[in-house]
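Counting in our numbering, the sequence shown runs from 8 upward without gaps. One structure below.
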Amino acid sequence: MAALRDVLPGGVLRRGGVVAVQDRVRAWGEAPSYLALALAAGASAGGAWCGVVGLPAFGIAAASGMGADLSRFLMVDEPGERWAEAVGVLAGAVDLLLVRPPRLPNGEHVRRIGARIRRTARQRGAALVVAGEWPGADLRLRLTESV
8 MAALRDVLPG GVLRRGGVVA VQDRVRAWGE APSYLALALA AGASAGGAWC GVVGLPAFGI
68 AAASGMGADL SRFLMVDEPG ERWAEAVGVL AGAVDLLLVR PPRLPNGEHV RRIGARIRRT
128 ARQRGAALVV AGEWPGADLR LRLTESV
């Protein structure tokens with residue numbers, strides 16, 4: 008989305024990068040924040056493939072209202088304890104990967120998934136957008152107020 012270009016370095020999500028998105032205006036619950044939805048909607052509207060892992064209440068209607076091309080989404084609603092495996096598989100198939108881990112990822116998950124994302128960046132390239140905290144994220148976005 009054009010409105011988010013000003014908050015992203017270079018105006019784009021960097022392939023191989025990890026962005027942690029937090030919404031302080033409301034509780035996340037099962038839904039992603041406006042920022043996460045906007046990033047995914049903007050990417051898909053531009054022709055990118057998007058993967059969504061661990062967000063059963065993704066907000067298809069909201070994403071569509073933001074201009075998302077819903078035919079370019081691959082969804083793994085509730086991967087449970089296999090969320091990291093789902094992220095690893097989709098990282099090689101999509102341009103943007105939106106994930107909400109069931110809990111703060113441990114060091115092993117962070118290293119393994121980070122390596123996979125960086126490796127795919129040399130081939131196809133995926134950006135990882137995490138709904139919540141991610142140790143060592145390249146960029147952290149926080150929505151602190153809404154109008």
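Note that beta-carbon positions come from the ideal geometry of N, C-alpha and C, so glycine has one too.
Can residue i and residue j be called in contact, C-beta distance under 8 Å?
{"i": "D145", "j": "V26", "result": "yes"}
{"i": "L81", "j": "L105", "result": "no"}
{"i": "M73", "j": "A48", "result": "yes"}
{"i": "L20", "j": "A50", "result": "yes"}
{"i": "A75", "j": "P86", "result": "no"}
{"i": "L111", "j": "S40", "result": "no"}
Since residue i and residue j should fall inside the 8 Å C-beta cutoff, what is the C-beta to C-beta distance between them, to a whole number of angstroms?
{"i": "P63", "j": "W90", "result": "About 12 Å separates the two Cβ atoms, so there is no contact after all."}
Rounding to the nearest angstrom, what Cα-Cα distance links residue i and residue j in this structure?
{"i": "V117", "j": "S71", "result": "31 Å"}
{"i": "A100", "j": "V28", "result": "22 Å"}
{"i": "W141", "j": "A122", "result": "14 Å"}
{"i": "A52", "j": "L46", "result": "10 Å"}
{"i": "A68", "j": "G132", "result": "27 Å"}
{"i": "G58", "j": "V83", "result": "8 Å"}
{"i": "G17", "j": "E115", "result": "30 Å"}
{"i": "G143", "j": "G95", "result": "18 Å"}
{"i": "I120", "j": "G54", "result": "24 Å"}
{"i": "R79", "j": "R126", "result": "22 Å"}
{"i": "G23", "j": "W56", "result": "15 Å"}
Short of 6 Å in beta carbon distance, which residues of its chain neighbour residue i, apart from the five on each side in sequence? Order them along the chain.
{"i": "L135", "result": "V25, L104, I124"}
{"i": "F65", "result": "V59"}
Leaving aside the five residues before and after residue i along the sequence, list all residues of the same chain whose C-beta is less than 8 Å from its C-beta, in chain order.
{"i": "V14", "result": "L148"}
{"i": "E88", "result": "P109"}
Relative to the C-alpha of residue i, which candidate in the options has its C-alpha closest?
{"i": "A243", "options": "V60, R79, R126, N113", "result": "In the structure as shown, the chain starts at 8 and stops at 154, and residue 243 therefore has no counterpart that could be examined."}
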